[in-house]
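A short write-up of the structure that comes next.
Chains as they are written, first to last, in this note's numbering: chain A, 1 to 155; chain B, 1001 to 1143; chain C, 2001 to 2406.
Printed below as a string of structure tokens:
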């Protein structure tokens, strides 16, 4: 797994707080976990220096006290670097990455609508994916949210 | 064969116009509805014509579970149609909500919003089933 | 060429007081498009949340129905991710069968697309021909899996149905027929000047733009991005199959057409390889009900582009979190760029050319005419007819095309 180990080494050499934090799951899959204040630097390094030119998706997770964020980056050789970070759920401010990836807008709006993330720096635009009349304090993807009415015959 | 000739003649006289509306479906039923109009299955031999406007449609053919985004529009389209009007729910999702029953953005089957005249189950409903359902509907109107 | 002052868009037959969630908002100056805004969410059903409340096996059937054209895509992308977390060794025969259904699905999807594209440019004969040919592959799929769509072939640990030698033989005959028909379509696309003129220079997207926007699949490959998950990040049986990644440098709708047609030929090659070299052995392994804690990022090359699933397991029989990123979500962002400085009449085919995974039969388009200050809402049917009439005035009329006997 030469290529994956090279990427791991470059990250650990550049950022010594990443030593021991870059996990090679299998061929073409790497995961790393960092604090949010260091996220942007590592993100830009991965894109500009390591060749991860494609943002596949941004996943938001309800992690109890934290709002988990995973940025899935891929390079043209099929390797995926998954960067995990988080912000506190009671103040879920996430800075936009649309300046680097315009397509990130839909993923960020989705996190805002479904998990209650507050995206900083995003231009005003349509809600996605919920309807305009969906209440703005209801976040369906949070673990604590349950459907208000029971649907007959639902699983 | 006499009965089928009666239906074909009735359909040709009446030439029901259909409006096809997708209420949040996965598209499988929509493709099968359009496939029913292609030469292999050819719904048009029954005189059925696909039209784009609710005002002239006799039959509203719906596919998909009703999502919140689409609910108002579905009801409005139904209200714009002139009597006599009929609604056909194509696919299991239109009949009952299908696999999406219980999802937070889904209301249920079409009958949660508007009255339905015929249900065509299937996931997706095959073109043969769609033709069968439409013919059954036309036959029931004859009686 | 119509004068800018005489330009009037006919209003659709909808109630003027209707306040719909428009899917597309277009700002028009003269006849040129200044900007396009896309509104998504029409088909939002709440599937990710529903998956957390159902078991992994139940989720296979739900996930299959995210999209009715790419159902095997989502089902496989999901289940191979879960199998990775659980550390299951899926038998080779099952991986080959999965790839077979995947390629057959690609064939049906591209032929479907060809018909839809033909319809959008006013060439309905192409719709009838290609959808008739498509029935051949639908028959193969029905015999192999039991359904025309939503095959239900996957289970946790492998596939649910095996292939008999007779079925394989019939499938090969069907593929031969389809290959002959596809070669005819390629000849049509590369020689018929009406088609070339209609599609060239429309919906241009440069390689850099496509990369920045994450527009992959045939859309990106037509702009020179030679990426294909089957080659770069192989899954199922693709590491053992011999095929080319098709790319093109036209950067426009014409390029996207050529790429899809040539991809069909590669798919036929792969289908033959699979059917002639099917490994012996079981078609599934036993799988646990509870999946150990872990997370995975699964990728799949859908007919439309790259499909990505993230799955997090927590040791129970239900997933903790699933995130589905369908290819159209990435591709549709590129539409804004493709329509810059083009004509309103190009909108239907440009959108059709990314092969969108939402029903295009009923999308509302809001037009903001910057010159007159008027705002109108059109339904897709009206825009479709306007587009065909507009191009007829430019001399591109498919009804006048010389009929080829076939």
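Idealized CB from N, CA, C, for every residue including glycine.
Closer than 7 Å to chain E by CB, residue i
| i | result |
| --- | --- |
| residue 2110 (chain C) | Protein chains A, B and C are contained in the structure displayed, whereas chain E is not. |
Chain-ordered neighbours of residue i on chain B, where CB pairs are closer than 9 Å
| i | result |
| --- | --- |
| residue 140 (chain A) | 1104, 1105 |
| residue 111 (chain A) | Near residue 111 (chain A) there are no residues of chain B at all, since even the closest Cβ is about 17 Å away, more than 9 Å. |
Within chain C, the residues that residue i reaches when beta carbons sit closer than 8 Å
| i | result |
| --- | --- |
| residue 106 (chain A) | 2040, 2329, 2333 |
| residue 115 (chain A) | Residues of chain C passing the Cβ test: none, with the nearest at roughly 11 Å. |
| residue 1126 (chain B) | 2148 |
For residue j and residue i, the rounded distance between their alpha carbons
| i | j | result |
| --- | --- | --- |
| residue 1110 (chain B) | residue 2275 (chain C) | 42 Å |
| residue 55 (chain A) | residue 2150 (chain C) | 29 Å |
| residue 1083 (chain B) | residue 2061 (chain C) | 39 Å |
| residue 2104 (chain C) | residue 1101 (chain B) | 30 Å |
| residue 2359 (chain C) | residue 144 (chain A) | Interpretation of residue 2359 (chain C) is limited by its pLDDT of 48, a score under 50 that renders its predicted location unreliable; the figure taken from the coordinates is listed afterwards. Near 33 Å, if we compare the C-alpha coordinates of residue 144 (chain A) and residue 2359 (chain C). |
| residue 2385 (chain C) | residue 115 (chain A) | 41 Å |
| residue 1081 (chain B) | residue 1006 (chain B) | 26 Å |
| residue 147 (chain A) | residue 2389 (chain C) | 48 Å |
| residue 2245 (chain C) | residue 2231 (chain C) | 7 Å |
| residue 2203 (chain C) | residue 2262 (chain C) | 20 Å |
| residue 1097 (chain B) | residue 2068 (chain C) | 15 Å |
| residue 2197 (chain C) | residue 5 (chain A) | 50 Å |
| residue 2025 (chain C) | residue 2277 (chain C) | 51 Å |
| residue 2156 (chain C) | residue 2259 (chain C) | 33 Å |
| residue 24 (chain A) | residue 2076 (chain C) | 23 Å |
| residue 2109 (chain C) | residue 2264 (chain C) | 10 Å |
| residue 2329 (chain C) | residue 29 (chain A) | 23 Å |
| residue 141 (chain A) | residue 2298 (chain C) | 21 Å |
Proximity of residue i and residue j at Cβ, strictly below 7 Å
| i | j | result |
| --- | --- | --- |
| residue 2072 (chain C) | residue 2101 (chain C) | yes |
| residue 103 (chain A) | residue 2214 (chain C) | yes |
| residue 1044 (chain B) | residue 1113 (chain B) | no |
| residue 2097 (chain C) | residue 2159 (chain C) | yes |
| residue 2131 (chain C) | residue 1023 (chain B) | no |
| residue 2391 (chain C) | residue 2345 (chain C) | yes |
| residue 119 (chain A) | residue 80 (chain A) | no |
| residue 2237 (chain C) | residue 2099 (chain C) | yes |
| residue 87 (chain A) | residue 128 (chain A) | no |
| residue 2248 (chain C) | residue 2210 (chain C) | no |
| residue 2364 (chain C) | residue 2379 (chain C) | yes |
| residue 1018 (chain B) | residue 1059 (chain B) | yes |
| residue 1036 (chain B) | residue 1127 (chain B) | yes |
Chain B contact residues for residue i, given Cβ-Cβ distances below 7 Å
| i | result |
| --- | --- |
| residue 131 (chain A) | 1068, 1069 |
| residue 2128 (chain C) | 1038, 1039 |
Outcome for residue i when other beta-carbon atoms lying within 10 angstroms are tallied against a minimum of 16
| i | result |
| --- | --- |
| residue 2 (chain A) | exposed |
| residue 92 (chain A) | buried |
| residue 2394 (chain C) | exposed |
| residue 1132 (chain B) | exposed |
| residue 1003 (chain B) | exposed |
| residue 1069 (chain B) | buried |
| residue 2282 (chain C) | exposed |
| residue 139 (chain A) | buried |
| residue 16 (chain A) | exposed |
| residue 2136 (chain C) | buried |
| residue 2361 (chain C) | Its pLDDT being 43, under 50, residue 2361 (chain C) is placed unreliably by the model, and nothing is read from it. |
| residue 2191 (chain C) | exposed |
| residue 135 (chain A) | exposed |
Cross-chain neighbours of residue i in chain A, by beta carbon under 8 Å
| i | result |
| --- | --- |
| residue 2232 (chain C) | 76, 77, 78 |
| residue 2212 (chain C) | 101, 102, 103 |
Proximal chain A residues relative to residue i, where beta-carbon distance stays under 7 Å
| i | result |
| --- | --- |
| residue 2046 (chain C) | 140 |
| residue 2297 (chain C) | 29, 72, 80, 82 |
Within chain C, the residues that residue i reaches when beta carbons sit closer than 7 Å
| i | result |
| --- | --- |
| residue 1100 (chain B) | 2045 |
| residue 45 (chain A) | Simply none; closest approach about 18 Å. |
| residue 86 (chain A) | Neighbours of residue 86 (chain A) on chain C: none; closest Cβ ~13 Å, over 7 Å. |
| residue 126 (chain A) | 2039 |
Where residue i meets chain B, residues with beta-carbon distance less than 8 Å
| i | result |
| --- | --- |
| residue 89 (chain A) | The premise fails here: residue 89 (chain A) is roughly 20 Å from chain B at the closest Cβ pair, so nothing lies under 8 Å. |
| residue 2113 (chain C) | Within chain B, no residue comes near residue 2113 (chain C); the closest Cβ sits about 11 Å away, beyond 8 Å. |
(request) Evaluate the contact criterion for the stretch 2253-2271 of chain C versus the stretch 2322-2336 of chain C: three or more CB pairs, one atom per stretch, below 8 Å. (result) As far as the Cβ criterion goes, the stretch 2253-2271 of chain C does not touch the stretch 2322-2336 of chain C, which means the pair count is below three.
(message) I want to know whether the stretch 2336-2349 of chain C touches the stretch 2036-2055 of chain C - three or more CB-CB distances under 8 Å.
(response) Contact between the stretch 2336-2349 of chain C and the stretch 2036-2055 of chain C is present, because at least three Cβ pairs lie under 8 Å.
(request) Check whether the stretch 2180-2197 of chain C touches the stretch 2226-2238 of chain C, taking contact to mean three or more Cβ pairs, one atom from each stretch, closer than 8 Å. (result) The way I'd put it, the stretch 2180-2197 of chain C doesn't touch the stretch 2226-2238 of chain C; fewer than three beta-carbon pairs between them come closer than 8 Å.
(message) Within 8 Å, do at least three Cβ pairs link the stretch 1014-1029 of chain B to the stretch 98-115 of chain A?
(response) By the Cβ test, the stretch 98-115 of chain A is not in contact with the stretch 1014-1029 of chain B, since fewer than three Cβ pairs between them sit closer than 8 Å.
(request) Decide if the stretch 2276-2291 of chain C is in contact with the stretch 2302-2319 of chain C; the criterion is three or more beta carbon pairs, one per stretch, under 8 Å apart. (result) The stretch 2276-2291 of chain C and the stretch 2302-2319 of chain C touch, with no fewer than 3 CB-CB distances between them shorter than 8 Å.
(message) Pairs of beta-carbons, one from the stretch 40-53 of chain A and one from the stretch 2301-2313 of chain C, closer than 8 Å: are there three or more?
(response) Touching, no.
(message) Three or more C-beta pairs under 8 Å: does that hold for the stretch 1049-1058 of chain B against the stretch 1113-1125 of chain B?
(response) With a cut-off of 8 Å, the stretch 1113-1125 of chain B and the stretch 1049-1058 of chain B do not count as touching, because too few Cβ pairs lie within range.
(request) For the stretch 1085-1103 of chain B and the stretch 1061-1069 of chain B, state whether three or more C-beta atom pairs, one from each stretch, are separated by less than 8 Å. (result) With the cut-off at 8 Å, the stretch 1085-1103 of chain B and the stretch 1061-1069 of chain B touch.
(message) For the structure I just gave you, are there three or more beta carbon pairs, one from the stretch 2087-2094 of chain C and one from the stretch 2364-2375 of chain C, closer than 8 Å?
(response) Under the three-pair Cβ rule at 8 Å, the stretch 2087-2094 of chain C does not count as touching the stretch 2364-2375 of chain C.
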